[in-house]
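Quick note: to get this note's numbering, add 46 to the position in the sequence shown (first position is 1). As C-alpha cells, the structure follows; a few thoughts come after it.
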Amino acid sequence: MNKRYIYTLCLMLSVVLCLTSCLKGADDDLDYSSYDDTAITSFTLTAVNKITTTTSSDGTETVSKTTLNSGLPIFNIDQYNHKIYNRVPLAKECDLEHVLVTITTKRNGQVGIKSLISDSVFQYIYTDSIDFSQPRVFRVFAYNGSGYRDYQVTINKKGSEENEKEWMRVADGADVPQALIQDFVLQKGDNNSFQLSKDGGITWTDEMLGEGENASLLPESSIAWVSFPYSASANTDYELLAGNCVNEGDACTVWRKIVERDAPETSKWVNIPMDDSKDYYLPKMGSLSLVYYNNNVYAIGDDDKIYKSRDGGLTWKTTNDFTLPEELGSYHIKAATNERGELYLIDLENGELWRLTDVFAAQ
47 MNKRYIYTLC LMLSVVLCLT SCLKGADDDL DYSSYDDTAI TSFTLTAVNK ITTTTSSDGT
107 ETVSKTTLNS GLPIFNIDQY NHKIYNRVPL AKECDLEHVL VTITTKRNGQ VGIKSLISDS
167 VFQYIYTDSI DFSQPRVFRV FAYNGSGYRD YQVTINKKGS EENEKEWMRV ADGADVPQAL
227 IQDFVLQKGD NNSFQLSKDG GITWTDEMLG EGENASLLPE SSIAWVSFPY SASANTDYEL
287 LAGNCVNEGD ACTVWRKIVE RDAPETSKWV NIPMDDSKDY YLPKMGSLSL VYYNNNVYAI
347 GDDDKIYKSR DGGLTWKTTN DFTLPEELGS YHIKAATNER GELYLIDLEN GELWRLTDVF
407 AAQ
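The following block contains the structure:
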C-alpha cells in the first residue's frame, strides 16, 4: 500500500481525536478513543445521473442528463460476508461512473475507498463522485486506529446478466423466517379430523380429511407444510402437507387442499396416491422442508438433493435450479422463505444461517 495514503489516513484520525478532546460537551463522560469496533451501518445513494438519448424524425440524436436523488433503491448490508448491494436494480440508463453516496459508520469509524488500479486507499468524501462501474472496496477504520474492516460494494442496474444464485452466510435478524426455528406437529383426531400446529405445538388449527380418505396415511414424522397462491383461481391458496409415514414404503405421504380465503367452510385434505406419482415420488427424508420459491414448489431434506414439483405435488424430480451450500457442515437442515420470498436455510447441527442471493455481473 502507498505509504503516503496510510500517512494521510493516520493523520486524519489523529486530527479527529484531537478535536474530540477539545470540543467535549454533553458527552464529556464518553471516551471515544477506546472504540475499537468497526462497521458500516448505512449506505445510501445520494445522487445518480440518468443519461437518456432520443432521436428526432430527421435522425438527430439528443442526449440529456437527469440527476436522480430520490426514489433510489435501498442497499442491504451483509455484515457477515462484508458485502453491500442493492436487490432492486437501477435503470439501465444510469451512469455508474459518477455516483454520490452517503456512508454511516459505527462509533464514528473513518472511511477510505480502495483504488481501482492499486492497493492505495483514499479518504472517502461524501461530496466526491465515485466510479461504481465495477465493485468497489470501502475500508472503515476503528476510531482509535486499532484496526479496520473491508466491505465490497456493488451497485446493480438493469441490463446486466444474472449469474447463478449464491448462498451467503448471514446473521440472525428480523427477516429470518420463523418456520426455520419451529416444527410442524400433527395430532390425529376422531374419524376424518386432525390438528396441525405450525409453531411446534403452541397453536393448533382444526383440519378435515375429504370423504373416504385414509387417516393412516397422514404424516407421522419429518412433517412439512407450505401454502401458496393458486394460479387457477383468484383469492385462493393451494396447500401441501408431506412427511414420513410407515404405510407408504420408501415415499413420503403427500396431501393437498385448495383453500378459498373467504369461504365459510373448512377446506378438506386429499391424499395424492402413490399410483399418481408413478416413478417420481418424493422419497422419505429427515428434516423435510417444503418451500414456495420463485413461483415453484421445492422439497429439501437431508439427502443432499433438491426436489421440484411442477404439478402441485403429484410428481417430484431432482432439480439444479439451485444447489445447497458447499460449506454445509451437515445435511440436517431446514428451509423456509420470508415475507419477501427470500429463501433461507439453517444447519440444525451448528445453527449456521444461509440466504440464497442473486449474484449480478459487474456493470
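Idealized CB from N, CA, C, for every residue including glycine.
{"Check": "Take Ile130 and list the residues in its own chain whose beta-carbon comes closer than 6 Å to its own, dropping the five residues that flank it on each side.", "Outcome": "Phe89, Phe121, Ile123, Tyr197, Val199"}
{"Check": "If distances are taken between C-alpha atoms only, which option among Ser110, Lys152, Pro119 comes closest to Leu136?", "Outcome": "Pro119"}
{"Check": "Check whether the Cβ atoms of Thr43 and Val186 sit closer than 7 Å, and answer yes or no.", "Outcome": "Absent from the structure is residue 43, since the part of the chain shown begins at 47 and ends at 409."}
{"Check": "Does the Cβ of Asn340 have 16 or more other Cβ atoms within 10 Å, making it buried, or fewer, making it exposed?", "Outcome": "exposed"}
{"Check": "Could you compute how far the alpha carbon of Thr150 sits from the alpha carbon of Arg356?", "Outcome": "45 Å"}
{"Check": "For Glu385 and Leu336, I'd like the C-alpha separation in whole angstroms.", "Outcome": "15 Å"}
{"Check": "For the ligand SAH, is there any heavy atom lying closer than 6 Å to the beta carbon of Lys244?", "Outcome": "With respect to the ligand SAH, the structure shown offers nothing to examine, as it has no ligands at all."}
{"Check": "Since Glu328 contacts Ala309 with CB under 8 Å, what's their CB separation in whole angstroms?", "Outcome": "What sits at residue 328 in the sequence shown is Leu, not Glu. With 8 Å as the limit, Leu328 and Ala309 do not qualify as a contact, their Cβ atoms being about 28 Å apart."}
{"Check": "Give the straight-line distance between the Cα atoms of Val94 and Ala381, rounded to the nearest whole angstrom.", "Outcome": "37 Å"}
{"Check": "Short check: CB of Tyr172 to CB of Thr148, under 7 Å?", "Outcome": "yes"}
{"Check": "Are the CB atoms of Leu226 and Ile352 within a distance shorter than 7 Å?", "Outcome": "no"}
{"Check": "From the DSSP output, which residues share a beta bridge with Tyr353?", "Outcome": "Ala345, Thr364"}
{"Check": "Let's test the definition: count the other Cβ atoms within 10 Å of the Cβ of Arg401 and tell me whether it reaches 16, buried, or not, exposed.", "Outcome": "buried"}
{"Check": "Classify Ala278: buried if its beta carbon has 16 or more other beta carbons within 10 angstroms, exposed otherwise.", "Outcome": "exposed"}
{"Check": "Would you say Gly332 and Ser268 are within 7 Å of each other, going by their C-beta atoms?", "Outcome": "yes"}
{"Check": "Go ahead and pull the three-state DSSP assignment for Asn317.", "Outcome": "strand"}
{"Check": "Take Ser376 as the anchor and find which of Leu394, Asp367, Lys363 has the nearest alpha-carbon.", "Outcome": "Leu394"}
{"Check": "What's the C-alpha gap between Ser175 and Thr92?", "Outcome": "10 Å"}
{"Check": "Please identify the residue among Asn293, Asp165, Gly247 whose C-alpha is closest to the C-alpha of Asn260.", "Outcome": "Asn293"}
{"Check": "Between which two residues does the beta strand (DSSP E) holding Glu306 run?", "Outcome": "299-306"}
{"Check": "Rounded to a whole number of angstroms, what is the C-alpha to C-alpha distance between Leu360 and Ile318?", "Outcome": "6 Å"}
{"Check": "Within 10 angstroms of its Cβ, does Arg215 collect 16 or more other Cβ (buried), or is it exposed?", "Outcome": "exposed"}
{"Check": "If we count the other Cβ atoms within 10 Å of its Cβ and call it buried at 16 or more, is Lys234 buried or exposed?", "Outcome": "exposed"}
{"Check": "If we ignore side chains and look at the alpha-carbon of each, how far apart do Pro181 and Ile201 end up?", "Outcome": "7 Å"}
{"Check": "Helix, strand or coil: which one does DSSP assign to Lys160?", "Outcome": "strand"}
{"Check": "Could you check the C-alpha separation between Thr113 and Ser179 for me, to the nearest Å?", "Outcome": "17 Å"}
{"Check": "Check the DSSP bridge columns for Met214 and list the partner residues they point to.", "Outcome": "Arg401"}
{"Check": "List the endpoints of the continuous beta strand (DSSP E) containing Phe230.", "Outcome": "No beta strand (DSSP E) contains Phe230, which DSSP labels as neither H nor E."}
{"Check": "I need the straight-line Cα distance from Trp315 to Asp349, nearest angstrom please.", "Outcome": "27 Å"}
{"Check": "Leaving out the 5 sequence neighbours to the left and right, which residues in its chain are closer than 8 Å to Arg302 when beta-carbon positions are compared?", "Outcome": "Tyr284, Glu285, Leu286, Leu287, Trp315, Val316, Ile318, Gly358, Gly359"}
{"Check": "Tell me whether Lys152 sits in a helix, a strand or coil according to DSSP, three-state version.", "Outcome": "helix"}
{"Check": "Assign Arg281 to buried or exposed, taking buried as 16 or more other Cβ atoms, counted over all protein chains shown, within 10 Å of its Cβ.", "Outcome": "In the sequence under discussion, the amino acid at residue 281 is Asn, which differs from the Arg named in the question. Exposed, by the Cβ-count rule."}
{"Check": "Under a Cβ-count criterion, where at least 16 other Cβ atoms within 10 Å of its own Cβ denotes burial, should Asn342 be classed as buried or exposed?", "Outcome": "exposed"}
{"Check": "Within the same chain, show all residues whose beta-carbon is closer than 8 Å to that of Asp77, passing over the 5 residues directly before and after it, in chain order.", "Outcome": "In this predicted model, Asp77 has a pLDDT of only 45, less than 50, meaning its place in the structure is not dependable; the value taken from the coordinates is given anyway. Taken in chain order, the list of residues that qualify is empty."}
{"Check": "Taking all protein chains shown into account, decide if Tyr390 is buried (16 or more other Cβ within 10 angstroms of its Cβ) or exposed.", "Outcome": "buried"}
{"Check": "Please report how far the alpha carbon of Gln125 lies from the alpha carbon of Gly289, in whole angstroms.", "Outcome": "36 Å"}
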